[in-house]
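Engineer: Residue numbers (my numbering), protein chains in the order written: chain G, 992 to 1156; chain Z, -7 to 381. Think of the CB as a built atom: it goes at the ideal place given N, C-alpha and C, for glycine as much as any other residue. Computed from a prediction, not measured in an experiment: that's the story for all the values here. Have a look at this one.
As structure tokens, then:
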């Protein structure tokens, strides 16, 4: 995957930036140009508003992957899951920081900012969301991202600036 | 729309055909089908070719004119059109050809399906296959096609009480039939324990739940039903040809335990043919993964959601049972050359309806069904085929 192809999706993959239909309030992740839920969905064109997911979720389904996707060979076996977010969308992602026997449908998780894979030895490193168990008493897994919200906002602003120039 | 018949079929052996090139297998299947139909090359109006990923597998695009050329037909300057729909490429190519004949645009059309997968190593085959899932929102996070189907399987077990051994029966049946098919990639029989104890791919799915990567090609010749008897003694009528699509990514489906595209395509097909699932004696069902076939039995209307497991364990779905499935060996045993699958399924049903299936013959087969999926079910194609009497 080229640098640009991954980089252009970073606002979504780093910050869970989706969008919402201003007419029917359905939330989408990744963001969509038109709302498939609205009857006259063309009318939603240009009226979708940005909406960031909270990072909360629960396990909807999961599997232990032994034969890896490209770039994930060093991580096997890893847990891949469908995560149901309270905002509505289902997300596909790994579950980390957990022993394999603990994973179950309905388990509460939080999005975590992690390294996904490396693009070969000399390529860029891809970052994005994975999920870790939501701990009640504020363990490090309870934090959505090791990067502060302010830092993420600055990075997003920089990315926007770069895109314009 | 006029009625359309299948006048001839052709198919290569499926498997690791290291000594044979893409163009060789493509024309072998096509010529065999033309020969059966007793058609000469001047009669053909168009060629449709189902293929998923020749650019990735053999670094060759623009393959429809390539096959046309090596079939000796370039001089006729026919339209040769490639169709891509992931694992459903073959069936969608057939659908396009069906529309071309039904509409009167062409009289006789050749439909080919071909894939040459073993010119690249296994890990590359897997990565290419994964490209029929969503590369931006699924595979980039570590998903593979088998792992997505494993997510489906786990949720199906959770919601509908399906047990691991229920879908493990499907590859056992597939290999039983593959052992009787000389064109099949795998001709060995396997046991339920071998499926359950197969090396894990993405749990609950093991290696025996997953169809292989194969080389192979299949072809059929279509023509108007009203003149079919001039070309063959055993025309088979296409009673319905339906394609339906859904979201590319599994995560965007309303219910991951239902392939809604299959539900829609099957309903439309049965309605058009004025038939119901109980009229079907023999079906080729997309068993790229054991769970995909179990779910198809429900989504096609043979069983209510959650009830296919019982149909399988009671022996209703079995060779010679109420419904015989995958008499060819299915994708699991006959093999899975992506673009060829949908066409090969139809070729097997034609053999069944003609009474030509030898020791795989389902007695009294009058109405057959084929079901071909792309990815995790973003494309689903259902054909109903009937003996034309």
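Under the rule that 16 or more other beta-carbon atoms within 10 Å means buried, what is residue 1036(G), buried or exposed?
Structural biologist: Translated into positions along the first chain, residue 1036(G) becomes position 45. So residue 1036(G) ends up on the exposed side.
Engineer: Could you name the residues of chain Z that residue 1057(G) contacts, counting a contact when the two beta carbons are closer than 7 Å?
Structural biologist: Stepping through the first chain from its first residue, residue 1057(G) is reached at position 66. Within 7 Å Cβ-Cβ: 192, 193 and 194.
Engineer: Any contact between the region 313 to 333 of chain Z and the region 97 to 108 of chain Z? By contact I mean 3 or more CB pairs, one from each, below 8 Å.
Structural biologist: Yes, they touch.
Engineer: Taking residue 1062(G) as the reference, which of 127(Z), 50(Z), 267(Z) and 40(Z) has the closest Cα?
Structural biologist: Along the first chain, one-based indexing puts residue 1062(G) at 71. When only C-alpha atoms are compared, the closest one is 127(Z).
Engineer: Can you give me the C-alpha to C-alpha distance between residue 26(Z) and residue 223(Z), rounded to a whole angstrom?
Structural biologist: Within the second chain, numbered from 1, the residue matching residue 26(Z) stands at position 34. Within the second chain, numbered from 1, the residue matching residue 223(Z) stands at position 231. Cα-Cα distance, rounded: 10 Å.
Engineer: Could you work out which residues of chain G lie near residue 128(Z), taking near to mean beta carbons separated by less than 8 Å?
Structural biologist: If you number the second chain from 1, residue 128(Z) lands on position 136. Per Cβ cutoff of 8 Å: 1000 and 1021.
Engineer: Listing by chain order, which chain G residues have their CB less than 9 Å from the CB of residue 238(Z)?
Structural biologist: Within the second chain, residue 238(Z) is the residue found at index 246, counting from 1. The contacting residues do not exist; residue 238(Z) stays about 11 Å from chain G at best.
Engineer: Check whether the Cβ of residue 1060(G) lies closer than 8 Å to any Cβ atom in chain Z.
Structural biologist: One-based indexing of the first chain puts residue 1060(G) at position 69. So, interface residue.
Engineer: What number of angstroms, rounded off, separates the C-alpha of residue 1070(G) from the C-alpha of residue 380(Z)?
Structural biologist: If you number the first chain from 1, residue 1070(G) lands on position 79. If you number the second chain from 1, residue 380(Z) lands on position 388. Their Cα atoms are separated by approximately 51 Å.
Engineer: Do the CB positions of residue 2(Z) and residue 367(Z) come within less than 8 Å of each other?
Structural biologist: As a working mapping, residue 2(Z) is identified with position 10 in the second chain. As a working mapping, residue 367(Z) is identified with position 375 in the second chain. The answer is no: Cβ separation not under 8 Å.
Engineer: Tell me the rounded alpha-carbon separation between residue 203(Z) and residue 145(Z).
Structural biologist: Taking the first residue of the second chain as 1, we reach residue 203(Z) at position 211. Taking the first residue of the second chain as 1, we reach residue 145(Z) at position 153. Each residue's Cα considered, the two are about 16 Å apart.
Engineer: Using the beta-carbon count (16 or more within 10 Å), is residue 95(Z) buried or exposed?
Structural biologist: For the purposes of this step, residue 95(Z) is taken as the residue at position 103 of the second chain. Exposed.
Engineer: What is the DSSP secondary structure of residue 282(Z), counted as helix, strand or coil?
Structural biologist: By 1-based counting over the second chain, the position of residue 282(Z) is 290. Helix at residue 282(Z).
Engineer: Can you check whether the CB of residue 118(Z) is closer than 8 Å to the CB of residue 131(Z)?
Structural biologist: The residue given as residue 131(Z) occupies position 139 in the second chain. The residue given as residue 118(Z) occupies position 126 in the second chain. Cβ distance not < 8 Å, so residue 131(Z) and residue 118(Z) don't count as in contact.
Engineer: For residue 1093(G), which residues of its own chain have a beta-carbon under 8 Å away from its beta-carbon, when the five flanking residues on both sides are left out?
Structural biologist: Numbered from its first residue, the first chain carries residue 1093(G) at position 102. Closer than 8 Å at the Cβ level, and outside the excluded window around residue 1093(G), lie 1124.
Engineer: Can you list, in chain order, the residues of its chain with a C-beta nearer than 6 Å to that of residue 261(Z)? Leave out the 5 residues immediately preceding and following it.
Structural biologist: Taking the second chain and counting its residues from 1, the one referred to as residue 261(Z) is at position 269. Counting only Cβ-Cβ distances below 6 Å, and skipping sequence neighbours, we find 232, 234, 374 and 376.
Engineer: Hey, quick one: how far does the beta strand (DSSP E) through residue 1116(G) stretch, first residue to last?
Structural biologist: For the purposes of this step, residue 1116(G) is taken as residue 125 along the first chain, with counting starting at 1. Segment 1116 to 1124, the beta strand (DSSP E) holding residue 1116(G).
Engineer: Determine which residues of the region 27 to 54 of chain Z have a Cβ less than 7 Å from any Cβ of chain G, and write them out in chain order.
Structural biologist: Here the close residues number zero.
Engineer: Looking only at C-alpha atoms, which of 66(Z), 50(Z), 311(Z) and 343(Z) sits nearest to residue 358(Z)?
Structural biologist: As a first step, residue 358(Z) is located in the second chain; it is residue number 366 there, counting from the start. The shortest Cα separation from residue 358(Z) among 66(Z), 50(Z), 311(Z) and 343(Z) belongs to 343(Z).
Engineer: Secondary structure at residue 109(Z), three-state DSSP: helix, strand or coil?
Structural biologist: Within the second chain, numbered from 1, the residue matching residue 109(Z) stands at position 117. Note: residue 109(Z) maps to coil in three-state DSSP.
Engineer: Relative to the alpha-carbon of residue 965(G), which residue among 219(Z), 133(Z) and 214(Z) has its alpha-carbon at the smallest distance?
Structural biologist: Residue 965(G) cannot be examined here, being either before or after the span of chain G that is shown, 992 to 1156.
Engineer: Please compile the residues from chain G whose C-beta is within a distance smaller than 7 Å of the C-beta of residue 131(Z).
Structural biologist: Start at 1 with the first residue of the second chain, and residue 131(Z) comes out as number 139. Those within 7 Å of residue 131(Z) in chain G are 1060.
Engineer: Is the region 188 to 208 of chain Z touching the region 313 to 329 of chain Z in the sense that three or more CB pairs, one from each, lie closer than 8 Å?
Structural biologist: As far as the Cβ criterion goes, the region 313 to 329 of chain Z touches the region 188 to 208 of chain Z, which means the pair count is three or higher.
Engineer: Are there 16 or more other CB atoms within 10 angstroms of the CB of residue 87(Z), so buried, or fewer, so exposed?
Structural biologist: Walking along the second chain from the start, residue 87(Z) turns up at place 95. Its Cβ being crowded by 16 or more others within 10 Å, residue 87(Z) is buried.
Engineer: Pick out whichever of 285(Z), 283(Z) and 290(Z) has its Cα sitting closest to the Cα of residue 259(Z).
Structural biologist: On the second chain, residue 259(Z) is found 267 positions in, with the first residue counted as 1. Here the closest residue by C-alpha is 290(Z).
Engineer: So residue 93(Z) and residue 215(Z) are in contact, right, with Cβ under 8 Å, and what is the actual spacing, rounded?
Structural biologist: The sequence position of residue 93(Z) within the second chain is 101, counting from 1. The sequence position of residue 215(Z) within the second chain is 223, counting from 1. The pair is a contact, with the Cβ atoms about 7 Å apart (cut-off 8 Å).
Engineer: Determine the chain G residues that contact residue 142(Z) at a beta-carbon separation under 9 Å, and present them in chain order.
Structural biologist: Reading the second chain from its first residue, position 150 is the one you call residue 142(Z). Neighbours of residue 142(Z) on chain G, chain order: 1052, 1053, 1054, 1055, 1056 and 1071.
Engineer: Tell me the rounded alpha-carbon separation between residue 311(Z) and residue 288(Z).
Structural biologist: To locate residue 311(Z), count along the second chain from 1; it is residue 319. To locate residue 288(Z), count along the second chain from 1; it is residue 296. About 17 Å.
Engineer: Pairing CB atoms from the region 140 to 157 of chain Z with CB atoms from the region 298 to 312 of chain Z, are three or more of them under 8 Å?
Structural biologist: With the cut-off at 8 Å, the region 140 to 157 of chain Z and the region 298 to 312 of chain Z touch.
Engineer: Name, please, each residue of chain G whose Cβ falls closer than 9 Å to the Cβ of residue 122(Z).
Structural biologist: By 1-based counting over the second chain, the position of residue 122(Z) is 130. Near residue 122(Z) (Cβ distances below 9 Å), the residues of chain G are 1060 and 1061.
Engineer: Which class does residue 59(Z) belong to by DSSP, given the choice of helix, strand or coil?
Structural biologist: Numbered from its first residue, the second chain carries residue 59(Z) at position 67. In the structure shown, residue 59(Z) sits in a helix (DSSP, three-state: H, G or I).
Engineer: Taking beta-carbon pairs under 9 Å, can you tell me which members of the region 72 to 92 of chain Z lie near chain G?
Structural biologist: Listed by position along the chain: nothing, the set is empty.
Engineer: How close, in whole Å, do the beta carbons of residue 249(Z) and residue 147(Z) come, if the pair is a contact with beta carbons under 8 Å?
Structural biologist: As a working note, residue 249(Z) is residue 257 in the second chain. As a working note, residue 147(Z) is residue 155 in the second chain. That pair is a contact at about 5 Å.
Engineer: Do residue 1089(G) and residue 1072(G) have their CB atoms nearer than 8 Å?
Structural biologist: Sequence index remark: in the first chain, residue 1089(G) carries index 98 (1-based). Sequence index remark: in the first chain, residue 1072(G) carries index 81 (1-based). No; because the gap between Cβ atoms is not below 8 Å, this pair is not in contact.
Engineer: Counting only Cβ-Cβ distances shorter than 8 Å, please list the residues of the region 1079 to 1103 of chain G near chain Z, keeping chain order.
Structural biologist: The residues in question are 1080, 1081, 1082, 1083, 1084, 1085 and 1096.
Engineer: By DSSP, does residue 367(Z) sit in helix, in strand, or in coil?
Structural biologist: Counting from one through the second chain, the residue named residue 367(Z) turns up at place 375. It is coil, neither helix nor strand.
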